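Number of protein chains: 4
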Amino acid sequence: MRETETEAGADSGSTGKRPLGVGMVGYAFMGAAHSQGWRTVGRVFDLPVRPVLSAVCGRDGGAVRAAADRLGWAAAETDWRALIARDDVDLVDICTPGDSHAEIALAALEAGKHVLCEKPLANTVEEAEAMAEAAERARARGQVAMVGFNYRRVPALALARRMVAGGRLGALRHVRLTYLQDWLVDASFPLTWRLRKDRAGSGALGDLGAHIVDLAQYLVGEPVAGVSALTETFVRERPLLEGASSGLTAEGGSRLGTVTVDDAAVFTARFPSGALASFEATRFAAGRKNALRLEINGSEGSLAFDLERLNELSFHDHTEPAASSGFRRILVTEPDHPYVDAWWPPGHGLGYEHTFVHQARDLLQAIATGARPEPSFADGLSVQRVLAAVEESAAKNSVYTLIPA
Amino acid sequence: MRETETEAGADSGSTGKRPLGVGMVGYAFMGAAHSQGWRTVGRVFDLPVRPVLSAVCGRDGGAVRAAADRLGWAAAETDWRALIARDDVDLVDICTPGDSHAEIALAALEAGKHVLCEKPLANTVEEAEAMAEAAERARARGQVAMVGFNYRRVPALALARRMVAGGRLGALRHVRLTYLQDWLVDASFPLTWRLRKDRAGSGALGDLGAHIVDLAQYLVGEPVAGVSALTETFVRERPLLEGASSGLTAEGGSRLGTVTVDDAAVFTARFPSGALASFEATRFAAGRKNALRLEINGSEGSLAFDLERLNELSFHDHTEPAASSGFRRILVTEPDHPYVDAWWPPGHGLGYEHTFVHQARDLLQAIATGARPEPSFADGLSVQRVLAAVEESAAKNSVYTLIPA
Amino acid sequence: MRETETEAGADSGSTGKRPLGVGMVGYAFMGAAHSQGWRTVGRVFDLPVRPVLSAVCGRDGGAVRAAADRLGWAAAETDWRALIARDDVDLVDICTPGDSHAEIALAALEAGKHVLCEKPLANTVEEAEAMAEAAERARARGQVAMVGFNYRRVPALALARRMVAGGRLGALRHVRLTYLQDWLVDASFPLTWRLRKDRAGSGALGDLGAHIVDLAQYLVGEPVAGVSALTETFVRERPLLEGASSGLTAEGGSRLGTVTVDDAAVFTARFPSGALASFEATRFAAGRKNALRLEINGSEGSLAFDLERLNELSFHDHTEPAASSGFRRILVTEPDHPYVDAWWPPGHGLGYEHTFVHQARDLLQAIATGARPEPSFADGLSVQRVLAAVEESAAKNSVYTLIPA
Amino acid sequence: MRETETEAGADSGSTGKRPLGVGMVGYAFMGAAHSQGWRTVGRVFDLPVRPVLSAVCGRDGGAVRAAADRLGWAAAETDWRALIARDDVDLVDICTPGDSHAEIALAALEAGKHVLCEKPLANTVEEAEAMAEAAERARARGQVAMVGFNYRRVPALALARRMVAGGRLGALRHVRLTYLQDWLVDASFPLTWRLRKDRAGSGALGDLGAHIVDLAQYLVGEPVAGVSALTETFVRERPLLEGASSGLTAEGGSRLGTVTVDDAAVFTARFPSGALASFEATRFAAGRKNALRLEINGSEGSLAFDLERLNELSFHDHTEPAASSGFRRILVTEPDHPYVDAWWPPGHGLGYEHTFVHQARDLLQAIATGARPEPSFADGLSVQRVLAAVEESAAKNSVYTLIPA
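This is how it looks when you write it as structure tokens:
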């Protein structure tokens with residue numbers, strides 16, 4: 001048995017290519033998913049650079065060292081500033097809660113590093129504006145900054161975008177998106193950081209709503225013009241956490257604390273080109289585990305999608321004879337579909353985590369080619385402005401609230 | 001061959017029972033559907049009275065006589081006042097556009113007749129109020145007045161109501177309903193009466209939105225508290241009609257006229273008990289033919305339904321162990337399901353028109369027993385108030401608009 | 001209230017047209033379904049003749065008079081020979097168990113009457129041969145004889161036939177059909193006539209298998225060449241009936257009797273043109289209520305159908321680019337679809353019973369025009385031969401058994 | 001940038017644990033999928049040993065070195081005997097066509113190595129018997145041999161097994177499985193090794209049929225008793241390959257060669273406990289990409305599954321009241337579901353390749369604990385016997401053919 005790999009970080013494929021060191025901050029749910037992306041991307045895609053999992057950062061030294069070992073990172077750090085400072089870190093991948101995004105991202109850009117930042121970009125529009133400006137300045141220096149709206153990388157949704165952009169739907173009339181989960185239905189679920197406004201910024205709105213706002217803007221190809229919103233917190237007090245919590249699972253104690261974020265947000269919107277939109281984000285839809293569902297209706301066709309069946313895209317071609325038309329279920333596993341040719345034969349579906357592999361691939365391509373990354377921090381800011389307008393409308397009796405350009 | 005039936009109206013079953021004469025105004029799409037209901041109800045259900053199709057009324061004498069012959073009505077009238085006056089008409093069934101509902105219904109109630117009135121109850125809240133008041137007065141005289149929200153009679157939706165009322169969903173959190181059709185996607189579809197505010201009152205809102213508002217209130221068991229709305233007319237000019245139009249099919253000429261109703265309405269709402277709701281009614285959802293879809297999420301379960309699959313109800317029981325729970329597809333064709341035992345064995349589904357048979361059955365039961373009919377004119381008025389609030393909110397920058405009690 | 005209709009049978013539409021008297025034998029499940037067809041057909045379709053429900057026949061005088069009254073038949077008879085002899089009966093509709101089909105049909109044809117006979121055509125090939133020969137002789141005298149494979153009249157299946165015949169599927173490779181029900185899963189369900197070989201001829205095979213064999217031959221457009229089969233009776237003893245049974249519901253007592261028919265039949269087959277087929281008919285598929293499911297795969301496309309969603313046909317066009325192809329759900333409610341233009345607007349689905357309205361329409365058209373009816377008694381005989389070959393193969397160690405031409 | 005990882009094989013997690021060297025033979029479709037499994041398993045599951053990707057073997061030296069680099073193997077070999085002989089190879093993973101399975105596996109077992117062998121176990125029953133015997137002897141020496149029926153590791157199917165074994169379905173009555181693909185519908189698809197009997201052993205039967213036979217035996221919990229079969233080769237000549245082919249994609253030239261395997265196999269079967277089964281394996285089902293579908297009906301419930309929606313299991317509980325029962329869609333992404341707790345939160349689905357991660361995990365567990373691996377070579381032999389009986393029955397006029405115990 002050769003043992004030379006000891007302590008070595010996973011090296012994702014293609015010896016001989018220029019290495020690009022990644023440093024990741026945070027290693028919970030998102031960190032694990034990103035790690036899988038970094039480990040796998042070079043084994044599947046033919047990349048211009050070779051990503052190396054250089055170091056991962058967390059506050060608890062023992063825990064972060066264990067995470068590094070398990071997830072395949074060569075080193076562990078307990079101070080994100082030290083992580084950014086490392087020579088073997090070319091790209092900083094931010095997987096922390098939203099309250100620390102701005103500080104870390106600004107420092108990393110300042111240090112000349114590329115940045116991948118989890119969504120939502122920030123907890124406030126002001127932070128997001130600063131980040132977008134910093135990213136724009138950094139871009140002049142050859143740095144790339146991307147925000148982690150990973151669902152753009154579901155092949156079915158990338159295909160949807162291709163079809164809309166290619167005119168298959170004609171003029172868009174309706175856009176409706178829901179993102180339904182149910183992990184807060186149980187009133188005894190404890191008060192984790194995701195339910196605290198100071199950490200998470202908002203609740204279902206920023207967590208789930210951010211995804212569907214980004215997807216709507218991505219698919220339609222223009223920003224939302226204005227919104228009218230209702231938000232609600234159904235369960236206003238929950239057990240305070242005792243001990244550690246990780247991601248979406250946690251145990252609460254007997255003392256109660258106040259939930260300071262929304263449980264659900266329902267809003268309508270207009271797009272500049274005339275389409276009407278409706279959005280719903282909630283953690284209270286019993287039985288819906290990850291139901292990011294969308295439908296777009298145009299003058300020449302319609303598309304529908306459900307993240308719980310992520311290998312499928314439903315398409316109706318309205319230019320066909322009525323007698324043989326209908327919504328068809330495209331199994332998005334063909335070589336001609338986005339990202340798919342690198343994977344398996346037709347019908348051998350992908351899963352959730354593949355979005356992170358694809359995200360890594362697109363980011364590395366952008367770094368190598370100098371292309372503008374998508375979604376950029378500007379795109380993240382655009383989403384942030386919609387979220388802020390939703391909160392403003394909800395606070396002002398649902399009045400239709402324009403989004404600043 | 002015996003020929004004694006000549007000119008006789010169809011007699012729906014059960015010789016020897018007390019006959020109840022029906023007179024119907026209008027014989028287009030709705031008239032044909034109601035006729036099927038009246039002809040069939042006594043052949044399938046064991047009724048306390050025997051409905052007789054006495055007379056049908058329309059303005060064109062030749063056309064209405066042909067309709068009477070085809071649809072099974074014993075006589076034809078060209079003046080609805082004459083129809084109401086007939087001795088063999090005990091019940092007046094109003095299947096005309098909304099602008100004539102109030103006048104006919106008030107006259108029929110005044111004449112001591114029972115009334116079934118198609119939805120929406122009226123074109124304005126004022127008319128609806130007058131009708132509801134008249135119905136209340138008539139009720140003291142033993143008359144029954146019902147509004148034709150026939151979808152309450154889909155067995156799956158009646159079952160849904162039974163399950164919500166029985167507590168299977170716990171506390172309701174979310175209600176979302178869409179009613180999507182696509183017959184206006186084609187910009188050359190002509191300007192029929194349904195696109196004229198003076199005849200139809202409103203567009204998708206009153207036609208489709210009325211159904212989903214009524215269903216939401218029926219299923220939740222309480223009236224909507226307030227709404228925030230957007231409406232839109234995507235195609236503002238359409239070919240003027242040349243010659244006759246019937247129902248949903250028509251041909252237009254080369255001259256254009258202005259569409260004076262909404263093509264689509266999107267609105268959010270709150271229920272008094274705290275549930276958030278969203279509604280969408282449109283005739284511009286390419287590929288969706290009759291997609292009245294709804295989902296209700298509660299603390300102990302969820303329900304989902306799609307009118308395009310009307311024999312199915314989807315139910316998630318959130319009190320079950322997570323490892324074996326999920327949305328189940330109840331095929332609503334069991335003897336224990338509402339209305340079903342009168343029909344066929346399990347799995348032998350019903351269709352759209354059966355809602356009118358069930359409606360006739362419930363109305364005749366109410367007449368025979370003196371029970372308050374559901375949905376009453378008061379229920380129709382309640383829907384009308386929501387529709388008016390939707391229009392008001394849409395006109396006032398989507399501001400949240402309370403519904404008067 | 002006019003009372004002149006008393007005792008009159010329902011007259012299905014179109015006064016002034018030539019009347020055609022129908023006499024029906026049997027009034028249980030099938031009789032009720034046929035009655036709905038006869039009552040409705042002239043109200044919906046523009047027919048060349050006017051069907052009149054002249055008389056219904058059953059052995060129990062009181063019960064048949066009550067059925068006549070409820071179902072809309074003008075008279076009741078207790079002897080089917082008397083029914084056939086009536087002057088006001090031009091068409092004899094046989095809705096009895098299979099053991100009496102041959103005798104009644106032969107007598108009716110002999111008497112110069114048209115005949116509609118429920119499926120399966122007979123209990124033996126010999127009977128079916130005699131019936132087909134008699135029908136052929138009667139055809140020379142202008143009489144029409146049809147067998148009641150009503151599922152050919154589901155619009156989606158008529159559309160499927162149109163698409164296969166029009167070459168949309170190319171060369172056929174695979175045909176697979178199942179007909180799954182579950183009403184015998186409960187071992188305490190009693191020994192009704194459907195479980196007795198002397199009455200029913202066979203079990204799931206003749207009841208359900210007959211339908212899918214006929215559909216396969218109809219859709220493929222040629223007879224089955226040979227079969228290899230397994231049959232099974234899972235529950236060999238059941239409670240003997242106490243008191244009356246009607247159709248699919250009954251109550252058993254404490255004494256047990258022997259089930260003499262198959263509970264399930266599974267068989268494979270070849271078509272002359274080279275397609276492979278598989279069939280499964282069972283009453284033991286827990287949770288499947290009426291799952292007549294089929295899929296056909298050809299070199300240029302595929303079709304799929306499920307009777308539990310009878311308004312839908314699933315179609316894959318294999319000549320389309322792979323990137324946007326997939327099984328599309330055609331909602332078979334468009335005016336261009338078979339039978340549909342007589343009914344409701346798109347999306348307003350039909351139910352099980354409409355197949356009997358369509359069957360009545362096609363039969364009356366055949367009578368009026370002299371066209372060869374489909375499915376003819378010869379088609380019924382063809383199915384009978386396949387069923388016999390299935391039983392023969394099952395008895396001979398599943399050996400592949402050719403069907404005589 | 002540290003570069004010490006150069007040439008190092010990927011080390012799948014958990015530094016400090018006992019390393020276990022893997023050597024893989026073959027690196028096409030299956031080799032790539034297995035590599036993903038070996039690279040990932042230690043990053044996700046907490047394992048008793050640490051798998052190291054020591055060496056990969058292929059005949060073309062340049063190609064195998066490129067594959068090693070891309071897929072993460074530390075070394076490349078061109079002779080499988082050399083691979084087996086390596087000190088750093090503890091486990092031999094055989095991903096070649098079926099004609100070389102026996103020779104490699106026997107040599108590896110002889111050399112004291114653990115073995116994972118792709119399915120089908122061999123091309124003949126004789127080879128499979130020798131392999132099963134060798135595996136049994138090796139087991140006495142502490143070696144583990146597993147056959148790669150990876151679909152047992154789809155969480156939904158592992159859950160299905162758990163439910164059947166736990167009695168949730170009661171006595172089993174029906175088992176039906178299809179495995180439908182369509183990559184041979186195009187008659188110009190060339191004559192790859194998968195279409196040659198000398199390489200592949202059989203066609204759809206061994207490739208797809210092997211999977212569904214194994215799954216049926218796994219889920220039912222007993223071996224098939226006997227079969228009756230039809231097989232067919234629809235397209236008997238195809239273009240000969242020009243140049244290299246890899247896996248399922250290839251280009252043919254203008255000369256034709258003879259297809260020597262089946263395109264499709266359809267067979268019925270009995271299980272010892274009395275259940276009837278039907279199987280269909282085909283590469284000619286246009287539009288079906290990977291439709292491994294199954295349904296099992298028992299006296300107390302039913303299960304259904306479709307590999308194209310691999311995160312879902314459909315379950316009907318027949319012990320529930322009929323009014324609220326129906327097939328429920330279990331999203332198999334809950335922590336209580338097999339394999340799932342190591343991955344993502346509920347609703348974040350897995351893909352095809354995860355079956356190989358799970359397979360690696362189960363194999364490593366068996367190696368560490370000494371438990372009998374499942375599926376064993378004996379299980380592979382059992383499948384092989386069914387495949388042989390299918391071919392025998394098809395050659396003997398479909399006669400029911402018993403499987404030797």
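The listed protein sequences correspond, in order, to chains A, B, C and D.
The UniProt record's numbering puts the last residue of the first sequence at 405; the count rises by one with no breaks.
The UniProt record's numbering puts the last residue of the second sequence at 405; the count rises by one with no breaks.
The UniProt record's numbering puts the last residue of the third sequence at 405; the count rises by one with no breaks.
The UniProt record's numbering puts the last residue of the fourth sequence at 405; the count rises by one with no breaks.
In this text, a Cβ means the ideal position worked out from N, Cα and C, and glycines have one as well.
Values in this document were obtained by computation on a predicted structure and should not be read as measured data.
Item, Value
"Cβ-based contacts, 9 Å cut-off: residues of the region 351–362 of chain C near chain B", "G351, Y352, E353 and H354"
"Contained beta strand (DSSP E) runs [length at least 3] in the region 18–43 of chain A, N- to C-terminal order", "18–25"
"Contact test: C117(D) Cβ vs the ligand GDP heavy atom, cutoff 7 Å", "What this structure holds is no ligand at all, so the ligand GDP is not there to describe."
"Contact check, A285(B) vs D186(B), beta carbons under 8 Å", "no"
"Continuous alpha helix (DSSP H) stretch holding E129(B): start and end", "V125 to A140"
"Where V235(A) falls: helix, strand or coil (DSSP)", "coil"
"Residue-chain proximity (A286(A), chain B), Cβ-Cβ < 8 Å", "yes"
"8 Å Cβ cutoff, V56(D) in contact with chain C", "no"
"C-alpha distance - A275(B) paired with V235(A), whole-angstrom precision", "12 Å"
"Per-residue DSSP class, three states only, for E312(D)", "strand"
"Members of the region 180–201 of chain D that neighbour chain A once the beta carbon cut-off is set at 9 Å", "Q181, D182 and W183"
"The region 347–358 of chain C touching the region 144–161 of chain C, judged by at least three CB pairs closer than 8 Å", "yes"
"Span separating the alpha-carbon of K113(D) from that of G201(D)", "26 Å"
"Rounded separation between G252(D) and T282(D) - CA only", "21 Å"
"Start and end residues, alpha helix (DSSP H) containing Y400(D)", "Here Y400(D) belongs to no alpha helix (DSSP H), and DSSP marks it neither H nor E."
"Candidates G142(A), K289(A), T40(A) and L313(A), of which the one nearest S302(B) by Cα", "K289(A)"
"Identified DSSP bridge partners for P223(B)", "According to DSSP, which records beta bridges pairwise, P223(B) is partnered with nothing at all."
"Neighbouring residues, chain B, relative to L331(D) (Cβ below 7 Å)", "G326"
"CB of I84(A) within 8 Å of CB of V175(A), strictly", "no"
"Per DSSP, cross-strand counterpart(s) of E353(A)", "In the DSSP output, where bridge partners are listed per residue, E353(A) has none listed."
"The region 322–339 of chain C contacting the region 188–206 of chain C, beta-carbon criterion three pairs below 8 Å", "no"
"Closest Cα partner of L313(B) within the set T178(D), S325(D), L402(D) and H348(D)", "S325(D)"
"Within-8 Å CB hit, L276(B) to chain A", "yes"
"Residues sharing a beta bridge with P51(C), DSSP", "L20(C)"
"A395(A) versus G226(A) - alpha carbon distance", "15 Å"
"CB contact flag (A265(A), G209(A), <8 Å)", "yes"
"Where the alpha helix (DSSP H) through V175(A) begins and ends", "Per DSSP, V175(A) belongs to no alpha helix (DSSP H); it is in the beta strand (DSSP E), L172 to L180."
"Beta-bridge partners of T96(D), as assigned by DSSP", "Paired residue(s): none; T96(D) is not in a bridge."
"DSSP bridge partner residues for N297(C) (one or two, in chain order)", "H174(C) and S302(C)"
"Beta-carbon proximity of S35(B) to L230(B), cut-off 8 Å", "no"
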